[in-house]
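Quick notes on the structure that follows.
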Amino acid sequence: MDIIELGSKYVMNTYKRLPKVFVKGEGSYLWDVEGNKYLDFVSGIAVNSLGHCPQVVTKAIKEQVDKLIHCSNLYWIEPQIKLAQILVENSCCHKAFFCNSGTEANEAAIKLARKWGKGRYEIITAEQSFHGRTLGSLTATGQEKYRKDFAPLPDGFKYVPYNDLEALKNSITEKTCAVLLEPIQGEGGVNVPTAEYLKGVEELCRKNNLLFIVDEVQTGMGRTGKAFGYQNFEISPDIITLAKALGGGVPIGAMLAKEEVASAFTPGDHAATFGGNPLATAAAVAASSVLLDQHFLNSVVEKGIYFKNKLSDLQKQLPQITKIKGLGLMIGCDVNVDAAPIVEFCLEKGVLINAVGGKVLRFVPPLTVTKEEIDQVVEVLAKAF
Ligand SMILES: Cc1ncc(COP(=O)(O)O)c(C=O)c1O
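So the number in my numbering is just where the residue sits in the sequence shown, counting from 1, plus 15.
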């Protein structure tokens, strides 16, 4: 039986998978089981921001794995403390909680907001948002298609159109404790809000004593050309959630909070056995040393502009491309045709890209990508259309 047949037999059917099996990665490239090479602009969906198997991370993992792999949070964990310090020093928050994924980071944020709210429990989120698959984060997700078969869902979530301040204002009640938003919506189609909107949300939160939670699971750790996506908009959120790129490819999630919010949690309120374990946090400390470096972030901005310009040139020749959007190296391309065959054509030509919502091509390449690699992808894309 070949690998894909075995997979279909034994692995649960929760993904629509393309028929490739990748066995090796280096930098911007992946190799399949037959030895074919692919240029990867999916990056494990914004996880492999330093490319595949970056030496800075593999070295840290190898060193840590010989020292200590797991240790309970009943004790202090050195690389966890180091990582917390790095994240705090690079953000507007003061304390970190660690877990293992994006959905878990959002669950932690939901619980912290409710505890802080002292009886107020309602959280306002946006239509087209994506916050994860566990019941709390799933309910926070403003897309009916993900929620519809899983009732009864927890109470206390409200959805409003993204980038519509008036709608948000009108949905606040005496039960509201927080607003949860992605600084740029990823899964919902790479939607960039206006700076006025996010600033307005912050003002509304301050006026109504609500927490402003930003889900930076996809936008965080340099993806948008800033350490965190919110930093593009001159706002100062109360809670930040992270995962994806944080561990340089290793699973890890985090929730950061300002001191006065974080202090609502006391021992016993929240926990995760593997959260902040030595192996994952050592990898994340190493990844952060590059991802949060200002020169590196500047290069992300520069390459993002280069990529968008190239796509704009393409748009001039192709009426199928209707809009180019995004920030840094989180780029979306609206198309007026079915995106799936374009993704499949690119795959056959050795280029991995991804589509969201059927009509948006999403590009989240490694942040270490070169301009030549960007050129290559644009060339294949032109042929695909
Ligand atoms: C903005 C955002 N939040 C949360 C999640 C969920 O993260 P995870 O799959 O690690 O649970 C995702 C995943 O795509 C995401 O894009």
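Here a beta-carbon is modelled for each residue, glycine too, at the ideal position from N, C-alpha and C.
Fair warning: this is a prediction, and the values are worked out from it, not measured in the lab.
Proximity to residue 208 [Cα-Cα], best of 248, 329, 181, 182: Here the question's residue 208 lines up with position 193 in the sequence shown. Taking only the C-alpha atoms, the option nearest residue 208 is 248.
Identify, in the order they occur along the chain, each residue of the same chain with its Cβ nearer than 6 Å to the Cβ of residue 148, setting aside the five sequence neighbours on each side. Here residue 148 corresponds to residue number 133 of the sequence shown, with the count starting at 1. Closer than 6 Å at Cβ, skipping near neighbours: 118.
Alpha-carbon spacing of residue 282 relative to residue 296, whole angstroms: Position 267 of the sequence shown, counted from the start, is the residue given in the question as residue 282. Position 281 of the sequence shown, counted from the start, is the residue given in the question as residue 296. Rounded to the nearest angstrom, the two C-alpha atoms are 21 Å apart.
Going by alpha carbons, who is nearest to residue 122 out of 302, 40, 103, 230? If you number the sequence shown from 1, residue 122 lands on position 107. Among 302, 40, 103, 230, the Cα nearest to that of residue 122 belongs to 230.
Write down every uninterrupted run of the beta strand (DSSP E) in the region 55-116 whose length is 3 residues or greater and which is fully enclosed by it, in chain order. 110-114
Is the separation between the beta-carbon of residue 151 and that of residue 141 shorter than 8 Å? Taking the sequence shown and counting its residues from 1, one reaches residue 151 at position 136. Taking the sequence shown and counting its residues from 1, one reaches residue 141 at position 126. It is not a contact, given that the beta carbons lie outside the stated cut-off.
Quick one: Cα of residue 106 to Cα of residue 212, how far? The residue you call residue 106 lines up with position 91 of the sequence shown. The residue you call residue 212 lines up with position 197 of the sequence shown. Straight-line Cα distance between these residues: approximately 21 Å.
For residue 347, name the three-state secondary structure that DSSP assigns. For the purposes of this step, residue 347 is taken as the residue at position 332 of the sequence shown. In this structure, DSSP gives residue 347 an extended state, which the three-state scheme calls strand.
Exposed or buried, what is residue 256 when buried is set at 16 or more other beta-carbons lying within 10 Å of its beta-carbon? Within the sequence shown, the letter at position 241 stands for residue 256. It counts as buried.
Residue range of the alpha helix (DSSP H) that residue 378 falls in? If you number the sequence shown from 1, residue 378 lands on position 363. Taken as a continuous stretch (DSSP letters only), residue 378 belongs to no alpha helix (DSSP H), being part of the beta strand (DSSP E) at 375-378.
Would you say the beta carbon of residue 258 comes nearer than 7 Å to a heavy atom of ligand 1? Here residue 258 is taken as the residue at index 243 of the sequence shown, counted from 1. Yes.
Hey, is residue 116 close to ligand 1, as in C-beta under 7 Å from one of its heavy atoms? By one-based count along the sequence shown, residue 116 stands at place 101. Yes - ligand 1 has a heavy atom lying nearer than 7 Å to the Cβ of residue 116.
Skipping 5 residues on each side, what residues in its chain have a beta carbon closer than 6 Å to that of residue 294? Start at 1 with the first residue of the sequence shown, and residue 294 comes out as number 279. Counting only Cβ-Cβ distances below 6 Å, and skipping sequence neighbours, we find 79, 84.
Nearer than 7 Å: is that true of the beta carbon of residue 232 relative to any heavy atom of ligand 1? The residue labelled residue 232 in the question sits at position 217 within the sequence shown. Yes, ligand 1 has a heavy atom inside 7 Å of this Cβ.
Is residue 238 near ligand 1, judged by its Cβ being under 7 Å from some heavy atom? Looking up residue 238 in the sequence shown gives position 223. Annotation for residue 238 indicates a beta carbon at 7 Å or more from all heavy atoms of ligand 1.
At the level of alpha carbons, what is the spacing between residue 128 and residue 191? Position 113 of the sequence shown, counting from 1, holds the residue named residue 128. Position 176 of the sequence shown, counting from 1, holds the residue named residue 191. Straight-line Cα distance between these residues: approximately 10 Å.
If you drop the 5 nearest sequence neighbours on each side, which residues of the same chain put their C-beta closer than 7 Å to that of residue 171? The residue you call residue 171 lines up with position 156 of the sequence shown. Cβ neighbours of residue 171 beyond the five flanking positions: 136, 137, 138.
List in chain order: all unbroken alpha helix (DSSP H) runs of 4+ residues lying wholly within the region 279-337. 293-306, 309-332
Indicate whether residue 344 and residue 325 have their beta-carbon atoms separated by less than 8 Å. For the purposes of this step, residue 344 is identified with residue 329 of the sequence shown, where counting begins at 1. For the purposes of this step, residue 325 is identified with residue 310 of the sequence shown, where counting begins at 1. In this structure, residue 325 does not lie closer than 8 Å to residue 344 by Cβ.
Identify the continuous alpha helix (DSSP H) that holds residue 154 and give its terminal residues. Along the sequence shown, one-based indexing puts residue 154 at 139. Its alpha helix (DSSP H) spans residues 150-155.
Along the chain, where does the alpha helix (DSSP H) containing residue 185 start, and where does it finish? Indexing the sequence shown from 1 puts residue 185 at position 170. Run containing residue 185: 180-186, per the alpha helix (DSSP H) assignment.
At which residue ranges does the region 218-256 contain complete beta strand (DSSP E) runs of 3 or more residues, listed in the order of the chain? 226-230
Does the separation of the CB atoms of residue 232 and residue 216 fall below 8 Å? By 1-based counting over the sequence shown, the position of residue 232 is 217. By 1-based counting over the sequence shown, the position of residue 216 is 201. At a Cβ-Cβ threshold of 8 Å, residue 232 and residue 216 do not count as neighbours.
Under 7 Å: does the beta carbon of residue 247 sit that close to some heavy atom of ligand 1? The count along the sequence shown starts at 1 and reaches residue 247 at position 232. The answer is no for residue 247.
Does the beta-carbon of residue 202, which I'm using as the reference point, lie nearer than 7 Å to any heavy atom of ligand 1? Walking along the sequence shown from the start, residue 202 turns up at place 187. Taking 7 Å as the cut-off, one finds at least one heavy atom of ligand 1 near enough to the beta carbon of residue 202.
CA-to-CA distance, residue 226 to residue 184, given in whole angstroms: For the purposes of this step, residue 184 is identified with residue 169 of the sequence shown, where counting begins at 1. For the purposes of this step, residue 226 is identified with residue 211 of the sequence shown, where counting begins at 1. Separation of residue 184 and residue 226 (C-alpha to C-alpha, rounded to the nearest whole angstrom) is 14 Å.
Cβ pair residue 379, residue 38 closer than 8 Å: Position 364 of the sequence shown, counted from the first residue, corresponds to residue 379. Position 23 of the sequence shown, counted from the first residue, corresponds to residue 38. The answer is no: Cβ separation not under 8 Å.
Taking buried to mean at least 16 other C-beta atoms within 10 Å of its own C-beta, is residue 98 buried or exposed? On the sequence shown, position 83 is the one that residue 98 refers to. Residue 98 sits buried, since 16 or more C-beta atoms from the chains shown fall within 10 Å of its C-beta.
Please confirm whether residue 381 and residue 66 have their CB atoms less than 8 Å apart. Position 366 of the sequence shown, counted from the first residue, corresponds to residue 381. Position 51 of the sequence shown, counted from the first residue, corresponds to residue 66. Cβ distance < 8 Å, so residue 381 and residue 66 count as in contact.
Assuming residue 116 contacts residue 298 under a Cβ cut-off of 8 Å, what Cβ separation, rounded to an integer in Å, is found between them? Locating residue 116 in the sequence shown gives position 101, counting from the first residue. Locating residue 298 in the sequence shown gives position 283, counting from the first residue. Actually they do not touch by this definition, with Cβ atoms about 15 Å apart.
Taking the alpha-carbon positions, what's the residue 335 to residue 373 distance? Counting from 1 along the sequence shown, the entry for residue 335 is found at position 320. Counting from 1 along the sequence shown, the entry for residue 373 is found at position 358. Using only the alpha carbons, I get a separation of about 14 Å.
Which same chain residues, not among the five before or five after residue 234, have their C-beta less than 6 Å away from its C-beta? In the sequence shown, counting from the first residue as 1, residue 234 sits at position 219. Excluding residues within five positions, the ones whose Cβ falls inside 6 Å are 198, 199, 244.
According to DSSP, residue 139 sits in a beta bridge with which residue or residues? As a working mapping, residue 139 is identified with position 124 in the sequence shown. 173, 194.
Would you kindly work out how many angstroms separate the C-alpha atoms of residue 92 and residue 291, rounded to a whole number? Locating residue 92 in the sequence shown gives position 77, counting from the first residue. Locating residue 291 in the sequence shown gives position 276, counting from the first residue. C-alpha separation (whole angstroms): 8 Å.
State the beta-bridge partners of residue 339 as determined by DSSP. Your numbering for residue 339 matches position 324 in the sequence shown. Answer is 348.
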